[in-house]
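Novice: Structure provided below as structure tokens; questions to follow.
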Amino acid sequence: VHSDDRLSLKQVLSDIAEGKSTQARIRFRLKNVEVGGSESRWVMFETNIRPIVAPHGGVSSMVAISRDVSEQVALEERLEQAVQVANSANNAKTEFLARMSHELRTPLNAILGFGQLLEREELDEMAADSVKRIVSAGKHLLSLINEVLDLAKIESGYISLSIENIEIGSVIREVISIMEPLAKSRSVTIKAEGEINEGNHFVVADVQRFKQVMINLVSNAVKYNKEGGFIEISISNMGENTRVEVSDSGKGISKKYYDKVFAPFERLGAEQSAVEGTGVGLSLCKKIAEAMNGKLYFTSEEGKGSSFYLELASSMAETSHQDVVEYSAISPQGSSDSRHLVGSRKVLYIEDNVANIALVERIFQAWPSLELITASQGSLGLDLLSADQFDMVLLDLHLPDIQGDEVLRRIKADPNTAEIPVVIISASAMSSDVKSLNDQGAAGYLTKPIDVKTLEDTVRFHLGGIADES
Numbered sequence: 001v002h003s004d005d006r007l008s009l010k011q012v013l014s015d016i017a018e019g020k021s022t023q024a025r026i027r028f029r030l031k032n033v034e035v036g037g038s039e040s041r042w043v044m045f046e047t048n049i050r051p052i053v054a055p056h057g058g059v060s061s062m063v064a065i066s067r068d069v070s071e072q073v074a075l076e077e078r079l080e081q082a083v084q085v086a087n088s089a090n091n092a093k094t095e096f097l098a099r100m101s102h103e104l105r106t107p108l109n110a111i112l113g114f115g116q117l118l119e120r121e122e123l124d125e126m127a128a129d130s131v132k133r134i135v136s137a138g139k140h141l142l143s144l145i146n147e148v149l150d151l152a153k154i155e156s157g158y159i160s161l162s163i164e165n166i167e168i169g170s171v172i173r174e175v176i177s178i179m180e181p182l183a184k185s186r187s188v189t190i191k192a193e194g195e196i197n198e199g200n201h202f203v204v205a206d207v208q209r210f211k212q213v214m215i216n217l218v219s220n221a222v223k224y225n226k227e228g229g230f231i232e233i234s235i236s237n238m239g240e241n242t243r244v245e246v247s248d249s250g251k252g253i254s255k256k257y258y259d260k261v262f263a264p265f266e267r268l269g270a271e272q273s274a275v276e277g278t279g280v281g282l283s284l285c286k287k288i289a290e291a292m293n294g295k296l297y298f299t300s301e302e303g304k305g306s307s308f309y310l311e312l313a314s315s316m317a318e319t320s321h322q323d324v325v326e327y328s329a330i331s332p333q334g335s336s337d338s339r340h341l342v343g344s345r346k347v348l349y350i351e352d353n354v355a356n357i358a359l360v361e362r363i364f365q366a367w368p369s370l371e372l373i374t375a376s377q378g379s380l381g382l383d384l385l386s387a388d389q390f391d392m393v394l395l396d397l398h399l400p401d402i403q404g405d406e407v408l409r410r411i412k413a414d415p416n417t418a419e420i421p422v423v424i425i426s427a428s429a430m431s432s433d434v435k436s437l438n439d440q441g442a443a444g445y446l447t448k449p450i451d452v453k454t455l456e457d458t459v460r461f462h463l464g465g466i467a468d469e470s
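Per my numbering, residue 1 is the first one in the sequence shown, and the count goes up by one each step.
Put into structure tokens, the structure is as follows:
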């Protein structure tokens, strides 16, 4: 018996002999020398041991049945190693995507932010058109980044949902309103069947994710449609489930592509199409549907169009949340009425990126009553908070010295600064970050690239009574 296994085997045999155990299973290594051979090897045996009780009581002997499990143990070890490698690769992928998201969002913050500010200026027709195209292209790039990141979140199991009973007719009407400008630009008509306006179709789902899937389906139906075509959206009761159908009059899908429709990064017939995209939209939608215990499937006939069906569990009526997990950005905490202050107010912006600082400084120029102080390091920001009084803090997470979450923790731990609202402005888009910061007391979370109006509304909410420069 291998020296490392002797003690445990001895203990098992002793327990059985003393009547402490009525049976035992143990693995140990035995040296095996093949007949006619001179080399030995260690063989793993699994042994089941039972006592034989004498008539007068006590254990008279034992019965042991052993089998060679060397190959099984080797297989188990290989499987464990494979799982570790897969988990390591999955974690590396998630970390890589989070970093890439941050690195791509940071320059987009300046591009979209300054672009939105320029859209407000009085520009000549050519300049205005150029700015509009810049902002449009930036938003398109942002949507592609979000799609890829969402797919990675789902595949890694990091996505969280806020599951509740939702009335889907109102959500579909909102989606139609959002998509109508795109449809009109391509001469496509969106038709909604009558039941969508009845307001009595409830399903169990995450309202934001349901909306995301519907926008993707309708957007595809518009983009892959023919000029002068149509889209029909309808709701059907399927017993325990409710089905939403999005049908189009486009060119349809060839049968040879059926098995690739929901495959990530597949763009069917992309070489003959001017439609832009990453090819992850439908794959993402299917995974979201499955995460909500639903399903997404399709029918199509080449040359006549396609129909996509989203099927979710029905619910009778609107009730309270069934299973709520934080997903969306942190809602502002407290009432805006409590912060209607008078006189000049100070806002501290802790950020190390020069372009991002310049953007926020430009936005704050519209508020003469606000003084914006910037700090390029977390430690400098904390020093400024100790030396002066501030009414609000805007905080980046990735700083050169102290990470933003640690800065937030110190602000909230200090009685002199604990009540100051701290709004996070970060390129990190992981929902786990949002929840963690919410737990630490953050008053809001804006993901870069920030929407200028959203930042303005957030500042107004927490400070109130701000007069814009006339």
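The C-beta atom is built at its ideal place from N, Cα and C for all residues, glycine as well.
Remember, it's a predicted structure, so these values are computed and weren't measured experimentally.
Give the single residue among VAL246, LEU112, ALA355, GLY441 whose Cα lies nearest to the Cα of PHE298.
Specialist: Translated into the one-based positions of the sequence shown, residue 298 becomes position 298. Comparing Cα positions, the closest option is VAL246.
Novice: Contact check, ILE163 vs VAL222 under 8 Å by CB: the rounded distance?
Specialist: Working through the sequence shown from its first residue, we reach residue 163 at position 163. Working through the sequence shown from its first residue, we reach residue 222 at position 222. About 29 Å; that fails the 8 Å criterion.
Novice: Can you tell which of ASN241, ASP439, LYS251, LYS287 has its C-alpha closest to the C-alpha of PHE262?
Specialist: In the sequence shown, counting from the first residue as 1, residue 262 sits at position 262. Answer by Cα proximity: LYS287.
Novice: Are the C-beta of PRO421 and some C-beta of chain E separated by less than 8 Å?
Specialist: Of the chains in the structure shown, none is chain E; there is only one protein chain.
Novice: Are ILE52 and VAL12 touching if we call contact CB-CB under 8 Å?
Specialist: Here residue 52 refers to the residue found at position 52 when the sequence shown is read from its first residue. Here residue 12 refers to the residue found at position 12 when the sequence shown is read from its first residue. No. Outside cutoff.
Novice: Anyone know if the C-beta pair for GLN389 and LEU397 falls short of 8 Å?
Specialist: Residue mapping note: residue 389 aligns to position 389 of the sequence shown, counting from 1. Residue mapping note: residue 397 aligns to position 397 of the sequence shown, counting from 1. Cβ atoms of GLN389 and LEU397: not closer than 8 Å.
Novice: For HIS462, which of LYS448, ASP68, ALA443 has the nearest alpha-carbon?
Specialist: As a first step, residue 462 must be located in the sequence shown, where it is residue number 462. With distances taken between Cα atoms, HIS462 lies closest to ALA443.
Novice: List the DSSP bridge partners of GLY305.
Specialist: Taking the sequence shown and counting its residues from 1, the one referred to as residue 305 is at position 305. GLU301, per the DSSP bridge assignment.
Novice: So which of ALA291, ASN216, ALA74 has the shortest CA-CA distance to LEU144?
Specialist: Taking the sequence shown and counting its residues from 1, one reaches residue 144 at position 144. Checked all of ALA291, ASN216, ALA74; the closest Cα to LEU144 is ASN216.
Novice: Using the Cβ count rule (16 or more neighbours within 10 Å means buried), how would you classify MET238?
Specialist: The residue given as residue 238 occupies position 238 in the sequence shown. That one is exposed.
Novice: Excluding five sequence neighbours on each side, which residues of the same chain lie with their C-beta closer than 6 Å to the C-beta of SER14?
Specialist: Taking the sequence shown and counting its residues from 1, one reaches residue 14 at position 14. Nothing listed; no residue qualifies.
Novice: Within its chain, find whatever has a CB closer than 8 Å to the CB of LYS251; leave out the 5 residues flanking it on each side and keep chain order.
Specialist: Your numbering for residue 251 matches position 251 in the sequence shown. Within the same chain, LYS251 has close Cβ partners TYR224, LYS226, GLU302, GLY303, GLY305.
Novice: What are the boundary residues of the beta strand (DSSP E) that includes ILE390?
Specialist: The sequence position of residue 390 within the sequence shown is 390, counting from 1. Residue identity differs from the one stated: residue 390 is Phe in this sequence, not Ile. Segment: none, PHE390 is in no beta strand (DSSP E) and carries neither H nor E.
Novice: Quick one: grab the DSSP three-state call for ILE16.
Specialist: To locate residue 16, count along the sequence shown from 1; it is residue 16. ILE16 falls in the helix class under three-state DSSP.
Novice: Alpha carbon to alpha carbon, what distance is there between SER436 and LEU30?
Specialist: Counted from its first residue, the sequence shown places residue 30 at position 30. Counted from its first residue, the sequence shown places residue 436 at position 436. Each residue's Cα considered, the two are about 52 Å apart.
Novice: Between the region 353-366 and the region 381-388, are three or more C-beta pairs nearer than 8 Å?
Specialist: They do not touch, by the three-pair rule.
Novice: Which one or two residues does DSSP pair with ARG243 in a beta bridge?
Specialist: Numbered from 1 along the sequence shown, position 243 holds the residue referred to as residue 243. DSSP lists SER236, GLU311 as partners of ARG243.
Novice: Compare the C-alpha of GLU193 against each of GLU119, PHE230, LYS132 and name the closest.
Specialist: Counting from one through the sequence shown, the residue named residue 193 turns up at place 193. For the residues GLU119, PHE230, LYS132, the minimum Cα distance to GLU193 belongs to PHE230.
Novice: Can you tell me whether LEU399 is buried or exposed, with buried defined as 16 or more other CB within 10 angstroms of its CB?
Specialist: Walking along the sequence shown from the start, residue 399 turns up at place 399. LEU399 comes out buried.
Novice: Short check: CB of LEU117 to CB of VAL452, under 8 Å?
Specialist: Translated into positions along the sequence shown, residue 117 becomes position 117. Translated into positions along the sequence shown, residue 452 becomes position 452. Against a cut-off of 8 Å, the Cβ pair of VAL452 and LEU117 comes out as a contact.
Novice: Taking ASN109 as the reference, which of ARG460, LEU446, VAL459, THR458 has the closest Cα?
Specialist: The residue given as residue 109 occupies position 109 in the sequence shown. Ranking the options by Cα distance to ASN109, first place goes to LEU446.
Novice: Whole-angstrom Cβ separation of HIS2 and SER428, contact assumed at under 8 Å?
Specialist: Indexing the sequence shown from 1 puts residue 2 at position 2. Indexing the sequence shown from 1 puts residue 428 at position 428. About 50 Å separates the two Cβ atoms, so there is no contact after all.
Novice: Starting from ASN165, follow the beta strand (DSSP E) in both directions and report where the run begins and ends.
Specialist: The residue labelled residue 165 in the question sits at position 165 within the sequence shown. Looking at the DSSP string, the run of the beta strand (DSSP E) that includes ASN165 is 162-167.
Novice: Throw me the rounded Cβ distance for the GLN440 and ASP405 pair, which I believe falls under 8 Å.
Specialist: The residue you call residue 440 lines up with position 440 of the sequence shown. The residue you call residue 405 lines up with position 405 of the sequence shown. Right, their Cβ atoms sit about 7 Å apart.
Novice: Is the region 116-133 touching the region 57-71, taking contact as three or more C-beta pairs under 8 Å?
Specialist: Result no; under three Cβ-Cβ pairs closer than 8 Å.
Novice: With DSSP collapsed to three states, give me the class of ASP248.
Specialist: Translated into positions along the sequence shown, residue 248 becomes position 248. Correct three-state label for ASP248: strand.
Novice: Cβ of ASN220 within 8 Å of Cβ of GLU311?
Specialist: Within the sequence shown, numbered from 1, the residue matching residue 220 stands at position 220. Within the sequence shown, numbered from 1, the residue matching residue 311 stands at position 311. Cβ distance not < 8 Å, so ASN220 and GLU311 don't count as in contact.
Novice: Taking the beta carbon of GLU24 as the centre, do at least 16 other beta carbons fall within 10 Å, making it buried, or is it exposed?
Specialist: Taking the first residue of the sequence shown as position 1, residue 24 is located at position 24. A quick correction: the sequence has Ala, not Glu, at residue 24. Label assigned to ALA24: buried.
Novice: On the criterion of 16 or more Cβ atoms from any shown chain inside 10 Å, does TYR258 qualify as buried, or is it exposed?
Specialist: By one-based count along the sequence shown, residue 258 stands at place 258. With fewer than 16 Cβ atoms within 10 Å of its Cβ, TYR258 is classed as exposed.
Novice: Buried or exposed for THR458, please, with buried defined as at least 16 other CB atoms from any protein chain shown within 10 angstroms of its CB.
Specialist: The residue you call residue 458 lines up with position 458 of the sequence shown. Buried, because 16 or more other Cβ atoms sit within 10 Å of the Cβ of THR458.
Novice: Just the C-alpha distance for LEU9 and PHE28, rounded to the nearest angstrom, thanks.
Specialist: Here residue 9 refers to the residue found at position 9 when the sequence shown is read from its first residue. Here residue 28 refers to the residue found at position 28 when the sequence shown is read from its first residue. Near 7 Å, if we compare the C-alpha coordinates of PHE28 and LEU9.
Novice: Rounded to a whole number of angstroms, what is the C-alpha to C-alpha distance between LYS134 and LEU75?
Specialist: Within the sequence shown, numbered from 1, the residue matching residue 134 stands at position 134. Within the sequence shown, numbered from 1, the residue matching residue 75 stands at position 75. The sequence given here has Ile at residue 134, not Lys. When rounded, the distance between both Cα atoms is 56 Å.
Novice: Measure from the alpha carbon of ARG243 to the alpha carbon of each residue in LEU394, PHE210, SER249, LEU359, then state which is nearest.
Specialist: On the sequence shown, residue 243 is found 243 positions in, with the first residue counted as 1. Ranking LEU394, PHE210, SER249, LEU359 by Cα distance to ARG243 puts PHE210 first.
Novice: Provide the residue span of the alpha helix (DSSP H) that contains GLU46, from first to last.
Specialist: For this step, residue 46 is matched to residue 46 along the sequence shown. Taken as a continuous stretch (DSSP letters only), GLU46 belongs to no alpha helix (DSSP H), being part of the beta strand (DSSP E) at 40-53.
Novice: Between which two residues does the alpha helix (DSSP H) containing MET214 stretch?
Specialist: Numbered from its first residue, the sequence shown carries residue 214 at position 214. 207-223 is the span of the alpha helix (DSSP H), which, as asked, contains MET214.
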